[in-house]
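Scroll down for the structure; my scribbles are underneath it.
Numbering (the UniProt record's numbering), first residue to last: 1 to 708.
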């Protein structure tokens, strides 16, 4: 078994990706897109803002003109400027290291979240790709909607720049790349310059349709068998609606693929960790705690209108392991779930709503370009309650090409929702509050920014939910240009977005910015207790967690650490495997009990079948006649018994005491003719010039060994 970490990811929107090889089957775990890389591009020019405050170090009259018609860049030192952004139709960055693999060698793709599905059309449009793709029904549906929305937002660039010609775009030429500022160049090429080939032109709607047709969707805990030898099942991770962890059952080991998980959620089904207990190996791929170790907000002191909302996660060094000798299993599981995580998340949503209310009371508008479906659904519910309690009649707009279909879908997936939401279904209520709010005209849903119905309904101040969190594509670009100079307006961003770079095209920026940190995975102090509960034999962890966790305290006898871009070889836990006997074959067996060991052995002829990850031995249809002689021997030879058996056949010999060791011995035969018997732990060799004598010696050896 081998594991190659293709990418550790960077946030909720860009999950980690791996290649796992087990029993000759190569599995790709997640295929996302790094949408944060869109920050190197300039957003589309709008009517009110043709280009974002562009200033060149030299006048356009004296600057050479590139093939694209824009002044050529010149390498300059200094802070990043809006003029440094690339004015071209964006390309999209795939997982690094993935293109180093031959796509035809991938057998299976497992998708855990809708974000992990966004890069799939890049693979499925390759005619060499033939892998089987598995995802839950909810993940596949939401992933499709996200891809369609991405295509819709990208279309604005096509309208501005026209259809691209075949080949690489102008901005990817070396003379253009080398003059980019350092930050932009590292995003485009990577720190070692090896990531430039990861950029791809966006797929088409036909590519998405073809991709979705190749996905085999699964219900909750439904089994799917690949090639008869491997079975996969999906269990809820609690991260998002439809998000899952995977159980992979192979012939020689059972594996838990543990993606980013949340123990308790106000909308998604809770983390089903009990179904993952007892597997041989856990691949720990919840790297959200690594992303929280670094801070992206380096210039917060310089931005007086920037507010950060986060809850500190205590380090394991300051928190004790939750389980001790005095806790029973029930208390242990409660300690994992009941830790105020849900309360903290709800407090964050309430704080966002209170900030929004303050803004609209001051005459400003609120712009919320968040992409987490569950967070949006909860904010819509709470925002309407806050407005009602404040006696404010402020419209809430949701602008997205897929919003209407997404809202409709969230009310038909009860198996992937938390218990509180499921109880609403049994009582005949809508699963989420947006249904009644839309019917009551408190929330207005529109597919595009300039739709005629939106223009007739538009009223400010207002609260707008729209895409995209990168601030480079989608309706958010138009609204930011409209409100960026209003100090009473508010922009809500998620932690993980580099605010300085994201807001670069919209400076000077007078809007308030509220940056929020939502729970994206297992907190550090819960990792060890969780692994103790799962009880695997081997745990695969990222190297960055070697110092944060304390492997000595884990019940697992083996902890292996993987690094990005490296292949880790995992030793086999067992060389043999179990097989079932068919009933008719079992009745044909004539077992013989051995004298040296308490086992019974029988000889048979049959066929080995593999189905649903299990091995089955069945008898052949033809009658079987075995030869009378023994074909297989086992056990160790007693030299004295062998000498006695030889004498009974008229053969005299002696044991060479000088040659006796723990692993070998020699017996010299001198009558009726010379021969030599070499006895070792792995076999017995008979050397004789007389074939008849060799046959007699073999019969003597056969008589002192067990065999069939």
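Using N, Cα and C, we set each Cβ at its ideal position, and we do this for glycine too.
Nothing here was measured: the structure is a model prediction, and the numbers come from that model.
Per-residue burial, residue i [other beta carbons within 10 Å of its own, 16 or more giving buried]
| i | result |
| --- | --- |
| residue 459 | exposed |
| residue 168 | exposed |
| residue 641 | exposed |
| residue 649 | exposed |
| residue 59 | Per-residue confidence for residue 59 stands at a pLDDT of 35, beneath the threshold of 50, marking its modelled position as unreliable; the derived number appears in the next sentence. It counts as exposed. |
| residue 325 | Any answer about residue 325 is weak, because its pLDDT of 43 lies below 50 and its placement is not dependable; what the coordinates show is given next. Exposed. |
| residue 611 | exposed |
| residue 1 | buried |
| residue 250 | buried |
| residue 587 | exposed |
| residue 264 | buried |
| residue 520 | buried |
| residue 23 | exposed |
| residue 277 | exposed |
| residue 126 | exposed |
| residue 583 | exposed |
| residue 546 | exposed |
| residue 279 | buried |
Beta-bridge partners of residue i, as assigned by DSSP
| i | result |
| --- | --- |
| residue 614 | 611 |
| residue 564 | 5 |
| residue 592 | 601 |
| residue 246 | 234, 257 |
| residue 225 | 231 |
| residue 363 | Per DSSP, none; premise fails for residue 363. |
| residue 652 | 671 |
| residue 20 | 3, 27 |
| residue 268 | 417 |
| residue 664 | 680 |
| residue 199 | 93 |
| residue 446 | 399 |
| residue 371 | Beta-bridge pairing links residue 371 to no other residue. |
| residue 217 | 135 |
| residue 580 | 616 |
| residue 41 | 86 |
| residue 410 | DSSP, once it has assigned bridges, lists no residue as partnering residue 410. |
| residue 606 | 619 |
| residue 688 | 675 |
| residue 14 | 11 |
Proximity test, residue i beta-carbon vs the ligand MG heavy atom, cut-off 8 Å
| i | result |
| --- | --- |
| residue 368 | Judged by which ligands are present, the structure shown has none, so any question about the ligand MG falls away. |
Among the options, the one whose alpha carbon lies nearest that of residue i
| i | options | result |
| --- | --- | --- |
| residue 518 | 344, 81, 230 | 344 |
| residue 203 | 92, 197, 213, 221 | 92 |
| residue 26 | 645, 248, 13, 506 | 248 |
| residue 390 | 377, 420, 356 | 356 |
| residue 364 | 461, 579, 181, 141 | 461 |
| residue 541 | 258, 512, 669 | 258 |
| residue 673 | 492, 689, 116 | 689 |
| residue 241 | 267, 262, 218, 408 | 267 |
| residue 341 | 270, 101, 163, 675 | 270 |
| residue 664 | 657, 681, 651 | 681 |
| residue 246 | 273, 252, 347, 417 | 273 |
| residue 709 | 702, 669, 16, 684 | In the structure as shown, the chain starts at 1 and stops at 708, and residue 709 therefore has no counterpart that could be examined. |
| residue 12 | 372, 603, 401 | 372 |
| residue 405 | 450, 434, 243 | 434 |
| residue 442 | 453, 385, 408, 412 | 385 |
| residue 182 | 548, 110, 123, 84 | 84 |
| residue 436 | 448, 452, 411 | 411 |
Same chain, Cβ closer than 6 Å to residue i, five either side skipped, listed in chain order
| i | result |
| --- | --- |
| residue 160 | 44 |
| residue 667 | 653, 655, 677 |
| residue 367 | 464, 479, 491 |
| residue 455 | none |
Own chain residues within Cβ distance below 7 Å of residue i, not counting five before or after
| i | result |
| --- | --- |
| residue 698 | 686 |
| residue 486 | 364, 510, 511 |
| residue 585 | 604, 606, 617, 618, 619 |
| residue 37 | 93, 187 |
| residue 488 | 359, 362, 363, 364 |
Spatial neighbours of residue i in its chain, beta-carbon cut-off 8 Å, leaving aside the 5 residues before and after
| i | result |
| --- | --- |
| residue 107 | 25, 26, 27, 131, 132, 226, 227 |
| residue 349 | 375, 378, 379, 382 |
Q) Is the region 493–502 touching the region 390–398 in the sense that three or more CB pairs, one from each, lie closer than 8 Å? A) no
Q.
Taking 8 Å as the cut-off, does the region 190–199 touch the region 142–156 (at least 3 CB pairs, one atom from each stretch)?
A. no
Q) Any contact of the region 115–127 with the region 184–196, i.e. 3+ C-beta pairs under 8 Å? A) no
**Q.** Three or more C-beta pairs below 8 Å linking the region 580–594 and the region 22–36
**A.** No: the two stretches stay apart, fewer than three of their Cβ pairs being nearer than 8 Å.
Q) Pairing CB atoms from the region 525–542 with CB atoms from the region 502–509, are three or more of them under 8 Å? A) No: fewer than three Cβ pairs fall under 8 Å.
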